[in-house]
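Mapped onto the UniProt record's numbering, the consecutive letters of the sequence shown carry residue numbers 1 to 485. The next block holds one structure in the form of structure tokens; read it before the comments.
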Amino acid sequence: MSKRKVLILLLISMVLSASATYFLLNWRWEERVKEQQDLIEIPEGGAQENQDYLEKIGNAFHLIKTQYVGEVNEEKLTEGAIQGMLTVLNDPYSVYMNREEASRFSESLDSSFEGIGAEITKIDGKIIIVSPLKNSPAEKAGLKPYDQILKVDGADVTNKELNQVTLKIRGKKGTKVVLEILRNGLEKPISVEVKRDTIPIETVYSSLEEANGKKIGYIEITSFSRDTGEEFADHLKKLERKKIAGLIIDVRGNPGGLLTSVEEIASQLITGDKPIVQIEKKDGERETIFSKLKKRKGYPIAVLTDEGSASASEILAAALKEGEGYPVIGERTFGKGTVQQQISLGDGSNMKLTMYKWLTPNGNWIHGKGIEPDVEVEQPALFHLQPLQLKGILKRDMNDEQIKQAQFILKELGYEPGRTDGYFDETTEAAVKVFQHDNRLPETGVIDGKTAKTMEKVILEEKENKANDRQLKTSLKYLSYMAEK
């Protein structure tokens with residue numbers, strides 16, 4: 001009996017990115033697969049053992065095709081049957097992709113792409129933002145982890161499949177998309193306009209910080225792509241040549257990526273023969289990936305996380321925490337701990353099915369729970385401010401949700417609006433005038449488009465000011481203390 005081999009791609013919580021990326025966990029375990037003969041094979045006619053069920057489906061298909069009063073598209077009928085079976089699993093990460101979607105999926109694996117730069121998932125039937133990428137249009141527009149997407153360009157996406165929502169959000173550079181968002185803490189949904197752009201392909205950034213006279217290296221990883229491991233190695237070598245006394249690994253807002261990159265990075269930080277991650281099959285059998293580093297680093301390390309740290313980021317954080325005892329500082333991570341396998345269905349379409357769990361070195365499953373930080377630190381309210389989405393000017397004696405947002409912005413920027421309930425009174429007007437004066441704008445006391453854009457610019461500048469980053473400051477303080485010991 002001839003057999004067709006199925007391409008193995010391991011995906012950690014196969015979360016579809018609205019930025020036209022799909023963050024794969026591509027575990028290069030070909031040699032292990034050959035040794036264990038673990039490559040999935042589908043024999044032609046191998047579904048005979050399920051003949052009773054298939055006969056029932058076939059009867060329904062034939063009945064609909066021959067007797068339904070309207071026109072019937074056989075391909076759509078078949079796709080609907082597959083999607084229906086996957087829907088019953090109640091698993092947002094097990095999905096079917098038709099030929100067009102599968103083709104776009106393949107294209108999205110390129111090192112550069114166009115979109116909004118936000119990864120989305122489906123939780124309890126809701127379309128949820130996992131995290132916007134650093135410096136992406138989504139981040140600049142103020143999208144946050146756990147934002148629920150209600151509408152895309154006015155179209156309700158509440159009951160839509162993840163793939164369908166992804167395709168609606170994606171688009172060419174320069175075009176715009178309007179998302180209606182429901183955010184925790186806000187009474188009403190808000191509309192966020194995002195201008196699509198080319199998403200930066202650089203994934204590693206570094207700098208040399210100083211704390212109490214000690215040189216502390218800082219490396220930020222924004223996602224785990226094909227070249228991230230090599231980029232990380234280059235940045236680490238440059239910092240180590242400067243004789244750093246400690247190192248910060250920042251995976252805040254990092255939605256995940258390739259497991260190979262995680263393995264490459266962890267193997268530069270975790271001493272040899274310590275586990276990086278465990279992959280558990282349906283029958284409970286586990287496959288463990290080990291580090292190969294021979295000598296422990298001669299300086300302390302800390303990991304920064306937040307609620308946007310997901311998937312591959314959580315693997316790295318857990319490996320450093322449990323493998324070497326390095327502290328996690330910041331906020332609880334997102335909590336994605338399943339692994340999907342991509343299976344070609346032979347006609348250009350494919351299916352991704354959850355077939356594995358990934359576990360931390362100590363065997364913990366963080367799915368739906370995340371990784372708790374050793375030192376919990378919340379960022380200032382400034383970091384959670386939403387840019388204004390004006391549909392017209394805001395002025396005295398108006399009452400509006402956007403005025404409420406403007407009042408929060410003014411307050412966090414040091415301009416006392418007097419109130420934050422959305423009513424534009426005399427005190428708020430005075431605060432607007434002072435803000436306009438300080439930023440060389442006409443002192444009208446009216447919030448127009450130019451004033452709103454300036455507010456957005458100032459917010460971004462304040463967020464990028466490391467003096468306002470409590471989590472970073474805490475990690476610097478910790479590492480400088482540990483360097484003294």
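C-beta: ideal position from N, C-alpha, C; glycine also.
CA-to-CA distance, residue j to residue i, given in whole angstroms
i           : j    : result
H367        : V434 : 48 Å
S261        : G229 : 5 Å
T288        : V277 : 6 Å
L179        : S480 : 43 Å
V328        : T338 : 22 Å
T271        : G348 : 43 Å
R226        : L258 : 7 Å
S475        : L86  : 43 Å
V303        : S291 : 18 Å
R470        : E376 : 11 Å
P137        : M355 : 33 Å
L89         : K357 : 16 Å
K238        : K215 : 13 Å
K450        : D124 : 40 Å
G284        : K176 : 46 Å
Y53         : L162 : 27 Å
L293        : D273 : 8 Å
N212        : L390 : 45 Å
N59         : L77  : 13 Å
E55         : I64  : 14 Å
residue 514 : E75  : Examination of residue 514 is not possible in this model, given that the chain is present from 1 through 485 alone.
D110        : K173 : Low confidence applies here, because D110 scores a pLDDT of 48, under 50, leaving its location unreliable; read the following figure in that light. When rounded, the distance between both Cα atoms is 16 Å.
I343        : R99  : 13 Å
L186        : R419 : 16 Å
L133        : R196 : 13 Å
R241        : I201 : 26 Å
L359        : E280 : 7 Å
E322        : G330 : 17 Å
T166        : M97  : 12 Å
T198        : G246 : 34 Å
residue 490 : Q405 : Any answer about residue 490 is impossible in this case: the structure gives the chain only from 1 up to 485.
C-beta atoms of residue i and residue j nearer than 8 Å
i    : j    : result
I169 : I128 : no
V458 : G445 : no
N439 : G422 : no
P300 : M482 : yes
A312 : L388 : no
S131 : A310 : yes
R332 : P380 : no
L143 : A118 : yes
K297 : L316 : no
L320 : I371 : no
R183 : D156 : no
A102 : N350 : yes
G256 : G308 : no
A141 : V192 : yes
D306 : I393 : no
I190 : Q386 : yes
S94  : L460 : no
Residues that DSSP places opposite residue i in a beta bridge
i    : result
S344 : N350
V277 : I289
D250 : E220, L304
V446 : None; V446 has no bridge partner.
T338 : K357
N399 : Y423
V375 : I329
L394 : I447
T271 : L293
Extent of the continuous beta strand (DSSP E) run through residue i
i    : result
A302 : 301-305
E114 : 113-115
A118 : 118-123
G330 : 328-330
Where the alpha helix (DSSP H) containing residue i begins and where it ends
i    : result
E263 : 259-266
Y481 : 470-484
Y96  : That residue, Y96, is in no alpha helix (DSSP H); its beta strand (DSSP E) goes 95-97.
I315 : 312-324
V432 : 426-438
K76  : 74-88
K56  : 51-67
K126 : No alpha helix (DSSP H) holds K126; the beta strand (DSSP E) holding it covers 126-132.
P137 : 137-140
Residue i Cβ short of 7 Å to the ligand PLP heavy atom set
i    : result
T354 : Of the ligands one can find in the structure shown there are none, so the ligand PLP has no counterpart to examine.
query = Which parts of the stretch 143-229 are runs of the beta strand (DSSP E), unbroken and 3 residues or longer, counting only runs that do not cross its ends?
reply = 148-152, 176-182, 190-195, 197-199, 204-211, 214-221
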